[in-house]
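Chains as they are written, first to last, in the numbering used here: chain A, 1 to 255; chain B, 1 to 296. Beneath this line is the structure, given in structure tokens, with notes to follow.
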Amino acid sequence: MEQPVISLRGATASLGGRPVLRGVDLTVRRGEVVALLGANGSGKSTAVRSIVGQVPLTGGELELFGTPRRRFRDWARVGYVPQRTTAAGGVPATVREVVSAGRLARTRFGMMRKADKEAVIGALELVGMDDRLGDSVDALSGGQHQRVLIARALAGEPELLIMDEPMAGVDLASQEVLAEALRAQVARGATVLLVLHELGPLEPLIDRAVVLRDGCVVHDGPPPEAVGQHALPGHDHVHPHAGPAAEPIRTGLLT
Amino acid sequence: MDILDLAFMQRALLAALLVGVTAPAIGTYLVQRRQALMGDGLGHVALTGVGLGFLLNDSPVWMATAVCIVGAVVMELIRWYGRTRGDIALAMLFYGGMAGGVMLMNLSDSGSSANLSSYLFGSIATVSEEDIVAICILAAFVILTTVGLRRQLFAICQDEEFARVTGLPVRLLNLLVAVTAAVTVTVAMRVVGLLLVSALMVIPVAASQQIARSFKATFALAVGIGVTVTVSGTATSYYADVPSGATIVLFAIGLFVLLTALAAPLAKRRAGKAQAAAECTLDVPGARTAADDVKV
Numbered sequence: 001m002e003q004p005v006i007s008l009r010g011a012t013a014s015l016g017g018r019p020v021l022r023g024v025d026l027t028v029r030r031g032e033v034v035a036l037l038g039a040n041g042s043g044k045s046t047a048v049r050s051i052v053g054q055v056p057l058t059g060g061e062l063e064l065f066g067t068p069r070r071r072f073r074d075w076a077r078v079g080y081v082p083q084r085t086t087a088a089g090g091v092p093a094t095v096r097e098v099v100s101a102g103r104l105a106r107t108r109f110g111m112m113r114k115a116d117k118e119a120v121i122g123a124l125e126l127v128g129m130d131d132r133l134g135d136s137v138d139a140l141s142g143g144q145h146q147r148v149l150i151a152r153a154l155a156g157e158p159e160l161l162i163m164d165e166p167m168a169g170v171d172l173a174s175q176e177v178l179a180e181a182l183r184a185q186v187a188r189g190a191t192v193l194l195v196l197h198e199l200g201p202l203e204p205l206i207d208r209a210v211v212l213r214d215g216c217v218v219h220d221g222p223p224p225e226a227v228g229q230h231a232l233p234g235h236d237h238v239h240p241h242a243g244p245a246a247e248p249i250r251t252g253l254l255t
Numbered sequence: 001m002d003i004l005d006l007a008f009m010q011r012a013l014l015a016a017l018l019v020g021v022t023a024p025a026i027g028t029y030l031v032q033r034r035q036a037l038m039g040d041g042l043g044h045v046a047l048t049g050v051g052l053g054f055l056l057n058d059s060p061v062w063m064a065t066a067v068c069i070v071g072a073v074v075m076e077l078i079r080w081y082g083r084t085r086g087d088i089a090l091a092m093l094f095y096g097g098m099a100g101g102v103m104l105m106n107l108s109d110s111g112s113s114a115n116l117s118s119y120l121f122g123s124i125a126t127v128s129e130e131d132i133v134a135i136c137i138l139a140a141f142v143i144l145t146t147v148g149l150r151r152q153l154f155a156i157c158q159d160e161e162f163a164r165v166t167g168l169p170v171r172l173l174n175l176l177v178a179v180t181a182a183v184t185v186t187v188a189m190r191v192v193g194l195l196l197v198s199a200l201m202v203i204p205v206a207a208s209q210q211i212a213r214s215f216k217a218t219f220a221l222a223v224g225i226g227v228t229v230t231v232s233g234t235a236t237s238y239y240a241d242v243p244s245g246a247t248i249v250l251f252a253i254g255l256f257v258l259l260t261a262l263a264a265p266l267a268k269r270r271a272g273k274a275q276a277a278a279e280c281t282l283d284v285p286g287a288r289t290a291a292d293d294v295k296v
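Dropping the structure here:
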């Protein structure tokens, strides 16, 4: 069997002494689009941040592309969209400058060649921002900031795209553009893991949903179809993998 | 021009030029990383090095460089590990550095209060042959780092978390920024003084930001402003017999005010242009809709 792209087994992690992940198993196979769902504080953000090495695991095992995380160096294969509301720093920067930073995954300390510059423009075309190349990111709307951050991750032409709440604070028009960009990535064979608060326009793309609650996986399977009804506290959805004493699932999608 | 015939003024102007380039160059990254006052703290720490140089009869510039680099590395380590009590630790470092410097200078035979104030506020006319060699070497290091690694440093200062996932050696680059800032402090020490060093790292960048839209333009304009104020300030201090450091910083603030005043009408014109562009595309079928841009 082919190596999974992400393999997280029994992962535990703490933030400020408080356990946030309490034995999370998560496997993402090549070409899959997996959504990580859960209420605020359920650990979904910490889970992806531990996968990209921002939060140290206190226990468990993590492999990326079949390589233990500790020995993994091939970061050009991973595109990361951190949870942000802005792409701006303390000094003005243009859309092109911010997105070019994503290309460092491939160029590292080398020069920006023609192919690199084309990849930057290509990534901006994917999110429909190629007409804003020279604009300062300070002049963008919330949705446009998010599109720039996603273009930055795409500029390195990654095989695995990890996104932490890419739809937060994004207007509907931008959400549609992002869904389309994601569809194009999936079509060319990319693997996607994304943290979401609600499925929204991405729903048709998602192969599998993993729901966390209090740092534990409470659902791993097809995405809840009728989101509203499924998420209701009284909705009895007992997953076959869960123990007999499993509580009804609260995905937190409505909170 | 008679000012260029004097050997000490030649040295002073060369030092001023190098400070004008290096301080805003590293300052742009510090401001981008929202660490605008790091230079100020390092200036305090450097004073211990100056005091040590006097006490050991060694070159104050090289001693200050060594102590300042140690201070910068400690600051970086505090940033990594000591999140909760980090600001207290920094305060200890800064004021300890300043107090240590004053004490050491007092203990040495050659250190007088006149000497102390020339390091605190700059005294460009006393730049020696030996100083200028040190300043040239240190400035070359700062320029090579800030220009040669501009894309990498931009990435770590813009979004450190993202930069780490690109596989860049972020900790090493962070250390390099800190060390470069420390080196710049000692480059600028003789010209503007340790207490005013940070002003030259921050004010030209702040002035440049008023009208620049890209990082590249901000960087280049900040360096241009830096050179303008350091060279003109040094010449003024010679003719008007006023302290160089204070003159340079006041010139920089003057330029900041001027550019801020110029920026308002410029921004209005740009906004008008953007709006006109948006209106034109509204009728084109398939173009981005107005809903795209409603939130600015």
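Note that beta-carbon positions come from the ideal geometry of N, C-alpha and C, so glycine has one too.
Exposure of residue i, with buried meaning 16 or more beta-carbon neighbours within 10 Å
i         : result
A/Phe-109 : exposed
B/Ser-123 : buried
B/Tyr-135 : Sequence inspection shows Ile at residue 135 of chain B; the Tyr mentioned does not correspond to that position. Buried: at least 16 other Cβ atoms inside 10 Å.
B/Ala-12  : buried
B/Val-133 : exposed
B/Ala-15  : buried
B/Gln-210 : buried
A/Glu-157 : buried
B/Ile-203 : buried
B/Pro-60  : buried
B/Tyr-119 : buried
A/Met-129 : buried
A/Asp-135 : buried
A/Gly-17  : exposed
B/Ile-88  : exposed
B/Ile-3   : exposed
A/Val-99  : buried
A/Arg-71  : exposed
A/Gln-75  : Checking the sequence shown, residue 75 of chain A turns out to be Trp, not Gln. Per the 10 Å Cβ criterion, buried.
Cutoff 8 Å: residue i Cβ touching any chain B Cβ
i         : result
A/Phe-65  : no
A/Ser-7   : no
A/Ser-136 : yes
A/Val-52  : yes
A/Ala-76  : yes
A/Gly-89  : yes
A/Pro-166 : no
A/Ala-105 : yes
A/Arg-108 : yes
A/Thr-191 : no
A/Arg-113 : no
A/Gly-10  : no
A/Ser-100 : yes
Min CB distance residue i to chain A below 8 Å
i         : result
B/Glu-302 : This structure leaves residue 302 of chain B out entirely; chain B is present only between 1 and 296.
B/Asp-292 : Because the pLDDT of B/Asp-292 is 43, which lies under 50, any placement of that residue in the model is unreliable, and the question is left without a value.
B/Cys-297 : The structure shown does not extend to residue 297 of chain B, since chain B spans only 1 to 296, so no value can be given for it.
B/Pro-285 : Summary for B/Pro-285: the model assigns pLDDT 45, below 50, so the residue's position carries little reliability; its value from the coordinates is reported in the next sentence. Cβ-Cβ to chain A under 8 Å: no for B/Pro-285.
B/Gly-167 : yes
B/Arg-34  : yes
B/Val-179 : no
B/Val-202 : no
B/Arg-151 : yes
Residue i vs residue j beta-carbon contact at 8 Å
i         : j         : result
B/Leu-42  : B/Ala-261 : no
A/Pro-19  : A/Thr-27  : no
B/Met-63  : B/Gly-53  : yes
B/Met-189 : B/Ala-46  : yes
A/Leu-21  : A/Ser-45  : no
B/Thr-146 : A/Val-91  : no
B/Cys-68  : B/Val-185 : yes
B/Leu-17  : B/Val-231 : yes
A/Gly-10  : A/Gly-43  : no
A/Val-127 : A/Arg-147 : yes
A/Ala-123 : A/Ala-151 : yes
A/Arg-103 : A/Met-112 : yes
A/Leu-205 : A/Leu-182 : yes
Requested in this report: Please go through the segment 18-67 of chain A and give each complete alpha helix (DSSP H) segment of 4 or more residues, from N-terminal end onward.
Outcome: As far as the segment 18-67 of chain A is concerned, its whole alpha helix (DSSP H) runs of at least 4 residues are 44-51.
Requested in this report: Counting only runs of 4+ residues fully inside the segment 59-128 of chain A, write out the alpha helix (DSSP H) ranges in chain order.
Outcome: DSSP runs (the alpha helix (DSSP H)) wholly in the segment 59-128 of chain A: 95-102, 104-107 and 114-126.
Query raised in the report: Which residue spans inside the segment 146-212 of chain B form an unbroken alpha helix (DSSP H) run of at least 4?
Result: Within the segment 146-212 of chain B, the complete alpha helix (DSSP H) runs of at least 4 residues are 150-158, 160-165, 170-192 and 197-209.
Query raised in the report: Are three or more beta carbon pairs between the segment 107-121 of chain A and the segment 159-179 of chain A nearer than 8 Å?
Result: Output reads no: the segment 159-179 of chain A does not touch the segment 107-121 of chain A.
Query - Three or more C-beta pairs below 8 Å linking the segment 32-44 of chain A and the segment 200-215 of chain A - result: Output reads yes: the segment 200-215 of chain A touches the segment 32-44 of chain A.
Report task. List in chain order: all unbroken alpha helix (DSSP H) runs of 4+ residues lying wholly within the segment 94-131 of chain B. Result -> The DSSP assignment places complete alpha helix (DSSP H) segments of no fewer than 4 residues inside the segment 94-131 of chain B at 113-121, in order along the chain.
Report task. State whether the segment 94-104 of chain A contacts the segment 134-145 of chain A, with contact taken as three or more CB pairs (one from each stretch) at a distance under 8 Å. Result -> As far as the Cβ criterion goes, the segment 94-104 of chain A touches the segment 134-145 of chain A, which means the pair count is three or higher.
Report task. Pair every Cβ in the segment 26-39 of chain B with every Cβ in the segment 91-98 of chain B, then say whether three or more of these pairs are closer than 8 Å. Result -> Because the criterion of three Cβ pairs below 8 Å is not met, the segment 26-39 of chain B and the segment 91-98 of chain B do not touch.
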